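Trainee:
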Amino acid sequence: MSPTTTPASGKDPFKLHPFDLGRAYEKLFERWGPQGWWPADTQTEIIAGALLAQATNWKNAAAAVANLKSRRLLEDSSDSLHALLELPLPELAEAIRPSGYFRQKSKRLHRLMEFLADNLGPPPWKIPGSQVMLWRERLLELSGLGPETVDSILLYGFDLPCFVVDAYTRRMLLRHGMITDQTSYEEIRFMFEDALPRRSEIYNEYHALIVRLGKEHCRRSARCTDCPLFA
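Sequential numbering from -3 applies to the sequence shown in our numbering.
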């Protein structure tokens, strides 16, 4: 599925064979199968959830999403989007309080939804695959949106092939000698996108599987026993 990738450092702390990103995906998928990401009812909910997940765990982000859904603010409709944009920022901030940094996030969420409405009209939204990098650059220009958030929006919200790099991804690669602490987000993203077929469904599953790996085995204190990557 992919050529063998040369480790970034000459010494692999876990003494594994040279790490192949394609084979690693196959092993994770063989063990756990489809992960069903992103768990949401609408595109608007996915996009909002990606932003609200910044600097918090999914339980907290999901609670904030649930508050917005209870007010019918995350439906894929013109009326719902209008209601979200018309909601005073203090009310929006209070609704998303469980996600943390709620005042900052309320401004970011409003700005993001306004940007999408101004450029793409009412949801559901569509971005041509040929324009994915253009839209990635435009979204990265919005205050408060970093590459992980933007790539999550594009991958899960728009079904476009942008690989998401998170803390679990970095930890896995560090432990397999693929990167160093200085390796940038973009270098890691290119590493995956060069090694894999450019298909959003593969990027989707791989990222979700890496998250599961990080929670079950590749924790801060590694639990390598029965890890699928050692099989």
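Note that the Cβ used here is the ideal one computed from N, Cα and C, for glycine as well.
Everything numeric in this text was worked out from a predicted model, so none of it was measured.
Excluding the 5 residues flanking T40 on each side, which residues of the same chain have their C-beta closer than 6 Å to its C-beta?
Mentor: Indexing the sequence shown from 1 puts residue 40 at position 44. Cβ within range, chain order: L70, D72 and P119.
Trainee: Which of the three DSSP states is assigned to E41 in this structure?
Mentor: Taking the first residue of the sequence shown as position 1, residue 41 is located at position 45. Helix.
Trainee: Can you look up H213 in the DSSP assignment and give me helix, strand or coil?
Mentor: Numbered from its first residue, the sequence shown carries residue 213 at position 217. Of the three classes helix, strand and coil, the one that applies to H213 here is coil, per DSSP.
Trainee: Look at the alpha carbon of L85 and the alpha carbon of K101, and state the distance between them as a whole number of angstroms.
Mentor: Here residue 85 refers to the residue found at position 89 when the sequence shown is read from its first residue. Here residue 101 refers to the residue found at position 105 when the sequence shown is read from its first residue. One C-alpha to the other measures close to 10 Å.
Trainee: Mark P157 as exposed unless 16 or more other C-beta atoms lie within 10 angstroms of its C-beta, in which case mark it buried.
Mentor: In the sequence shown, counting from the first residue as 1, residue 157 sits at position 161. Classification for P157: buried.
Trainee: What does a CB cutoff of less than 7 Å around D8 pick up in its chain, not counting 5 residues either side in sequence?
Mentor: On the sequence shown, residue 8 is found 12 positions in, with the first residue counted as 1. With a pLDDT of 41 at D8, under the threshold of 50, the modelled position of this residue cannot be trusted, and the question is left open.
Trainee: Since E201 and F15 are thought to touch, with beta carbons under 8 Å apart, how far apart are those beta carbons, to the nearest angstrom?
Mentor: Stepping through the sequence shown from its first residue, residue 201 is reached at position 205. Stepping through the sequence shown from its first residue, residue 15 is reached at position 19. With 8 Å as the limit, E201 and F15 do not qualify as a contact, their Cβ atoms being about 18 Å apart.
Trainee: Buried or exposed: where does R134 fall if 16 or more other Cβ atoms within 10 Å of its Cβ makes it buried?
Mentor: Locating residue 134 in the sequence shown gives position 138, counting from the first residue. Exposed is the call here.
Trainee: As a quick exercise: from Q31, V146 and R166, pick the residue whose alpha carbon is nearest that of R104.
Mentor: Counting from one through the sequence shown, the residue named residue 104 turns up at place 108. Among Q31, V146 and R166, the Cα nearest to that of R104 belongs to V146.
Trainee: With a floor of 4 residues, list each alpha helix (DSSP H) that falls wholly inside the stretch 124 to 204, ordered by position along the chain.
Mentor: If we require 4 residues or more, the alpha helix (DSSP H) runs fully inside the stretch 124 to 204 come out as 128 to 136, 143 to 148, 163 to 171 and 181 to 191.
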